[in-house]
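Numbering (the numbering used here), first residue to last: 5 to 181.
Encoded structure:
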């Protein structure tokens, strides 16, 4: 399956979860083994020259692609979770995004100063979620190697916001709408 075929499977839900939001649903891609494979293959190609040893997947759909890529690329996988989902001491960051305010956390013992970390999520919209995850990685003392998103919504300027917050840190994406 071509990447363009996989792109057509992503479903748009207008006004979800609230009016004015155009939700991009990757569920049909995940159901289709060939589409999922095409996206995963393309994602791996995008980051193949990047030096990193750990992948942070953002709750929850970032877990899907992050864990698959960590497995096939022989990297460690770390979950970046919403409140109340992880035990122990956490590195945290609060943020506001398109339709809510919340925080993310990562267990404090997951990083060392030697770690080069790639952050993965399914959709890049305004960049708030990714910025919070990036701040957690840096506050934990690790190096931020880059960001990878399956879907980019360029009209929301998330890439520009990440590049401003984390100068020199590359931002990759597989599909753009």
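In this text, a Cβ means the ideal position worked out from N, Cα and C, and glycines have one as well.
Sequence-distant residues of its chain with Cβ nearer than 7 Å to residue i (five each side left out)
| i | result |
| --- | --- |
| residue 100 | 132 |
| residue 48 | 73, 76, 77 |
| residue 57 | 79, 80, 119, 120 |
| residue 147 | 119, 120, 121 |
| residue 26 | 16, 18 |
Close Cβ partners of residue i (< 6 Å) along its chain, the five nearest in sequence each way excluded
| i | result |
| --- | --- |
| residue 117 | 145 |
| residue 7 | 42, 46 |
| residue 96 | 107, 109 |
| residue 32 | 13, 15 |
Assigned exposure category for residue i - 16 Cβ within 10 Å defines buried
| i | result |
| --- | --- |
| residue 19 | exposed |
| residue 139 | buried |
| residue 94 | buried |
| residue 150 | buried |
| residue 66 | buried |
| residue 152 | buried |
| residue 53 | exposed |
| residue 134 | buried |
Pairwise C-alpha distance: residue j and residue i
| i | j | result |
| --- | --- | --- |
| residue 158 | residue 176 | 12 Å |
| residue 163 | residue 110 | 23 Å |
| residue 181 | residue 136 | 23 Å |
| residue 40 | residue 9 | 11 Å |
| residue 30 | residue 143 | 31 Å |
| residue 5 | residue 60 | 27 Å |
| residue 71 | residue 122 | 12 Å |
| residue 155 | residue 178 | 6 Å |
| residue 28 | residue 165 | 20 Å |
| residue 23 | residue 104 | 13 Å |
| residue 21 | residue 141 | 29 Å |
| residue 55 | residue 115 | 16 Å |
Near the ligand FMN: residue i beta-carbon under 7 Å from a heavy atom
| i | result |
| --- | --- |
| residue 32 | The ligand content of the structure shown is nil, which means the ligand FMN is not present either. |
Own chain residues within Cβ distance below 8 Å of residue i, not counting five before or after
| i | result |
| --- | --- |
| residue 129 | 101, 102, 157, 160, 162 |
| residue 113 | 92, 93 |
- Task: At 4 residues or longer, and completely inside the segment 64-130: list those alpha helix (DSSP H) runs for me, N to C.
- Result: 65-77
- Task: State whether the segment 7-17 contacts the segment 30-42, with contact taken as three or more CB pairs (one from each stretch) at a distance under 8 Å.
- Result: yes
- Would you call the segment 163-175 and the segment 79-86 in contact, with 3 or more CB pairs under 8 Å? no
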